[in-house]
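Novice:
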DNA sequence: ACTCAATTGGGTAATTAGGGTG
DNA sequence: CATGTCCTAATTACCCAATTGA
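Protein chains in written order, with the UniProt record's numbering: chain P, 1 to 67; chain F, 1 to 67.
1. For residue 50 of chain P versus residue 9 of chain P, is the C-beta distance shorter than 8 Å?
2. Would you call the CB atoms of residue 25 of chain P and residue 15 of chain P closer than 8 Å?
3. Taking the alpha carbon of residue 53 of chain P as the reference point, which residue from F/65, F/29, F/44 has its own alpha carbon closest?
4. From the beta carbon of residue 50 of chain F, is the nearest beta carbon of chain P less than 8 Å away?
5. Do the CB positions of residue 47 of chain F and residue 55 of chain F come within less than 8 Å of each other?
6. Could you check what DSSP says for residue 57 of chain F in three-state terms: helix, strand or coil?
7. Who pairs with residue 40 of chain F in a beta bridge, going by DSSP?
8. Name, in chain order, the residues that DSSP records as bridge partners for residue 13 of chain F.
9. Is the Cβ of residue 61 of chain F closer than 8 Å to any Cβ of chain P?
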């Protein structure tokens, strides 16, 4: 059985996001607590992050050498 | 909400719910066992979840980034 | 009656949350 | 002010074999 891809956003765990930014998972948690990044909590209290938002944030923080 | 098309409540499998929260299907089972989410049992013992309840739950646990 | 994917159950590692500190 | 590390408690992930669903 399959799920509609449009209806399902891809989510990431704190560890995955932390690895992406090269920071400690705790730091990602702080970002979420500070409202700098949207988060989805599991009923158990763990956080999940939207992959699209993480990528967007990563893009926004990316400073390129001037062309 | 405007109209209820049918009294038919769409049911979701543990795997579908798990994909929505980015967790293991077994974790969804624990939520049901802990009463954190309502569940319907098939005569064979398998669990099914109300699509509307899952969506409401997911929505309530979602927080957007501000600024 | 058969196949095949998914779910169930129990048990054990790995990850995460939260507070306090450097 | 932001990040990293230490701690404990809680939640979640992966292992197995057997049953259920379509």
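We treat Cβ as the ideally placed atom computed from N, Cα and C, and that holds for glycine.
These figures come from a predicted structure and were not determined experimentally.
Specialist: With the structure as the only source:
1. yes
2. yes
3. F/65
4. no
5. no
6. helix
7. F/48
8. Beta-bridge pairing links residue 13 of chain F to no other residue.
9. yes
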